[in-house]
Amino acid sequence: MRKLGVMFLLLLISLWLSGCSNRVELNELGIITATGVDGKSGAWIVTYQIIIPSAMASGTGGGGGGSQSAVHTFSTEAKTIREAIDISNLENPRRLYFAHNNVLLIGKKSADQGINEIIDIYLRNFETRETVKVLVADGEARELLKQLTPPEKVPGVALAKILAKDNQLGSFFPLITVYEIAQRISSDSEAAGIPEVAKVGSGDGKLDTIEVFQKTSAKVKLKLSGLSVIKGSKRIATLKQKESQGVSWLNNQMNSSTLSFTDPVKNNEEKRYTAFQVRKATVKATPIKGPLHYTLKVDVKVKGEIVESETKINITKSKGINQMQQLINKEIEAQILNSWQTIQSLKVDLAGVANKIHRKYPKDWHKIKDTWPEELARMDIKINVETVISRPGLFQNSFKKQIGK
0 MRKLGVMFLL LLISLWLSGC SNRVELNELG IITATGVDGK SGAWIVTYQI
50 IIPSAMASGT GGGGGGSQSA VHTFSTEAKT IREAIDISNL ENPRRLYFAH
100 NNVLLIGKKS ADQGINEIID IYLRNFETRE TVKVLVADGE ARELLKQLTP
150 PEKVPGVALA KILAKDNQLG SFFPLITVYE IAQRISSDSE AAGIPEVAKV
200 GSGDGKLDTI EVFQKTSAKV KLKLSGLSVI KGSKRIATLK QKESQGVSWL
250 NNQMNSSTLS FTDPVKNNEE KRYTAFQVRK ATVKATPIKG PLHYTLKVDV
300 KVKGEIVESE TKINITKSKG INQMQQLINK EIEAQILNSW QTIQSLKVDL
350 AGVANKIHRK YPKDWHKIKD TWPEELARMD IKINVETVIS RPGLFQNSFK
400 KQIGK
């Protein structure tokens, strides 16, 4: 009787154990490394860049000089983005797997129409990640996703690495994810900046065949080219590199970068350039209420090194070091001011000032929120930069000065 009881208990427990009837083998998945979205509501075109495991494992797919691409790219069309994804089953033998998606690429025309529906599908889909990096394509996303990116085998991975490296070493175009876009355009500022990628170069160079891996240099390439300005949900403008870098300063997203500036030039004197490497930067932007309007107080603290110089200033002396620090301060201030003036002319709060005012002056915010774009355009800015040049043991006069030229 006791044995029967034990057998019954084991049978009962087994009913609660999960089986493997719904298992999915790895070779049945289409692992997506990049996704592109073109079109508009009611007429969406979704593009998928899928990894080919056999090409990756065999060392072909470009890097190994074989005859097979490491990725396969195709597109589907439908009235909604979700339907377009489902339609992919009609032509793709593998189930699409979005968990390893590195980049979401939005076509420029789609960004002009509005990105709300695109962000919405990403936030609702449990398979996608909110940390996916976002780019705006200078043209159609489906065309750029067909392009290969030597020396990387997988273009989606390459684009993600380019964004990460710029964020780490250049800070020219602030990196942004799906979650951050949703957060910013739904905040009081209702604005976000998304890096743009373009196909640049000259001639008839092609990047959509593996022959590009057999050349030492390609005539064309994919490159970060600007910062798309999103107001509400629509793209309204593009910022150039220097303007975009100013946005990085204002949002305390300056991780590292190189600033090039010149000595004060007299008459027709030759320009002498110096390069300053930013190693650490801290920026605090604080709105101050005035009698008529607000002022944005920006305090910047920078630490870095002189990595290249043709200056006539004697940087082996304290006086010369102070002079160089003042020149660096002016260069940083000019970048921030240039970006701020562009933001004001567009009446787009890329610096997140509205959020700061709402937190600091909640009662006043409710009075100005309906006319915030106009209030933003009237604001003054006060910039204070403090630079410390580190590693004085490496200081020396320029080689040009030492040889007397």
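Counting along the sequence shown from 1, when you hit position 338 you're at 337 in numbering that gives the first Met the number 0, and nothing is skipped either side. Every residue gets a Cβ at the ideal spot worked out from N, C-alpha and C, and that includes glycine. Treat the numbers as computed from the prediction; the structure is a model and nothing was measured.
I think residue 256 touches residue 277, with their Cβ atoms under 8 Å apart; what is that distance to the nearest whole Å?
-> Reading the sequence shown from its first residue, position 257 is the one you call residue 256. Reading the sequence shown from its first residue, position 278 is the one you call residue 277. Indeed they touch by this definition, with Cβ atoms about 5 Å apart.
Apply the 10 Å Cβ neighbour rule to residue 194 and answer buried if 16 or more other Cβ atoms are within range, or exposed otherwise.
-> Position 195 of the sequence shown holds residue 194. When all chains shown are included, residue 194 counts as buried.
With DSSP run on the structure shown, which of helix, strand or coil describes residue 88?
-> In the sequence shown, residue 88 corresponds to position 89, counting from 1. Reduced to three states, the DSSP call for residue 88 is helix.
Neighbour-count burial assignment, residue 173, 16 or more Cβ in a 10 Å radius | Against the sequence shown, residue 173 aligns to sequence position 174. Flag for residue 173 reads buried.
Could you name each continuous beta strand (DSSP E) segment of 3 residues or more that falls completely within the region 29-54, going from the start of the chain to the end?
-> The region 29-54 contains these whole beta strand (DSSP E) runs: 42-50.
Taking just the CA atoms, how far does residue 165 sit from residue 59?
-> On the sequence shown, residue 59 is found 60 positions in, with the first residue counted as 1. On the sequence shown, residue 165 is found 166 positions in, with the first residue counted as 1. Since pLDDT at residue 59 reaches only 46, below the 50 mark, its modelled position is unreliable, and the value read off the structure follows with that caveat. C-alpha separation (whole angstroms): 28 Å.
Would you say residue 305 and residue 261 are within 8 Å of each other, going by their C-beta atoms?
-> Taking the first residue of the sequence shown as 1, we reach residue 305 at position 306. Taking the first residue of the sequence shown as 1, we reach residue 261 at position 262. No; because the gap between Cβ atoms is not below 8 Å, this pair is not in contact.
If you compare alpha carbons, which of 331, 254 and 309 is closest to residue 383?
-> Counting from 1 along the sequence shown, the entry for residue 383 is found at position 384. Comparing C-alpha distances from residue 383 to each of 331, 254 and 309 shows the shortest one belongs to 331.
Cβ-based burial, residue 405 [other Cβ within 10 Å; buried from 16] | Only positions 0 to 404 of the chain appear in this structure, which leaves residue 405 out of reach.
Per-residue DSSP class, three states only, for residue 264 | To locate residue 264, count along the sequence shown from 1; it is residue 265. Under the three-state reduction of DSSP, residue 264 is assigned to coil, being neither helix nor strand.
Measure the CB-CB distance between residue 147 and residue 154 and report whether it falls below 8 Å.
-> Within the sequence shown, residue 147 is the residue found at index 148, counting from 1. Within the sequence shown, residue 154 is the residue found at index 155, counting from 1. With contacts defined as CB atoms closer than 8 Å, residue 147 and residue 154 qualify as a contacting pair.
Where does residue 32 land, buried or exposed, given buried means 16+ other C-beta within 10 angstroms?
-> In the sequence shown, counting from the first residue as 1, residue 32 sits at position 33. Per the 10 Å Cβ criterion, buried.
Straight-line CA distance for residue 316 to residue 258?
-> For the purposes of this step, residue 316 is taken as residue 317 along the sequence shown, with counting starting at 1. For the purposes of this step, residue 258 is taken as residue 259 along the sequence shown, with counting starting at 1. Each residue's alpha carbon lies about 22 Å from the other.
Identified DSSP bridge partners for residue 383 | The count along the sequence shown starts at 1 and reaches residue 383 at position 384. Bridge partners of residue 383: 298.
Give me the Cβ distance between residue 248 and residue 334, rounded to the nearest whole Å; I'm assuming they're in contact under 8 Å.
-> Taking the first residue of the sequence shown as 1, we reach residue 248 at position 249. Taking the first residue of the sequence shown as 1, we reach residue 334 at position 335. That belief holds up - the Cβ atoms of residue 248 and residue 334 are roughly 6 Å apart, short of 8 Å.
Shortest alpha-carbon distance to residue 133 belongs to which of 77, 191, 350 and 170?
-> As a position in the sequence shown, residue 133 is number 134, starting the count at 1. Minimum Cα distance to residue 133 is reached at 191.
Check whether the Cβ atoms of residue 222 and residue 196 lie closer than 8 Å to each other.
-> Numbered from its first residue, the sequence shown carries residue 222 at position 223. Numbered from its first residue, the sequence shown carries residue 196 at position 197. Going by C-beta atoms, residue 222 is nearer than 8 Å to residue 196.
Measure the Cβ-Cβ separation of residue 200 and residue 219 and say whether it is below 8 Å.
-> Counted from its first residue, the sequence shown places residue 200 at position 201. Counted from its first residue, the sequence shown places residue 219 at position 220. Yes, they are a contact pair.
Would a C-beta distance cut-off of 8 Å place residue 187 and residue 365 closer than the cut-off?
-> Locating residue 187 in the sequence shown gives position 188, counting from the first residue. Locating residue 365 in the sequence shown gives position 366, counting from the first residue. Pairing residue 187 with residue 365 gives a Cβ-Cβ distance that is not under 8 Å.
Tell me, which residues are paired with residue 76 by DSSP?
-> Indexing the sequence shown from 1 puts residue 76 at position 77. DSSP lists 44 as the beta-bridge partner residues of residue 76.
Would you mind stating whether residue 96 and residue 29 have Cβ atoms separated by less than 8 Å?
-> As a working note, residue 96 is residue 97 in the sequence shown. As a working note, residue 29 is residue 30 in the sequence shown. Yes, they are a contact pair.
Assigned exposure category for residue 101 - 16 Cβ within 10 Å defines buried | Numbered from its first residue, the sequence shown carries residue 101 at position 102. Result: buried.
So, helix, strand or coil for residue 130, using DSSP?
-> Counting from 1 along the sequence shown, the entry for residue 130 is found at position 131. Here residue 130 sits in coil by DSSP.
Cβ-Cβ distance between residue 318 and residue 271 below 8 Å = As a first step, residue 318 must be located in the sequence shown, where it is residue number 319. As a first step, residue 271 must be located in the sequence shown, where it is residue number 272. A distance of 8 Å or more separates the beta carbons of residue 318 and residue 271.
Mind checking whether residue 144 and residue 46 have CB atoms under 8 Å apart?
-> Residue mapping note: residue 144 aligns to position 145 of the sequence shown, counting from 1. Residue mapping note: residue 46 aligns to position 47 of the sequence shown, counting from 1. Yes, Cβ-Cβ distance for residue 144 and residue 46 is below 8 Å.
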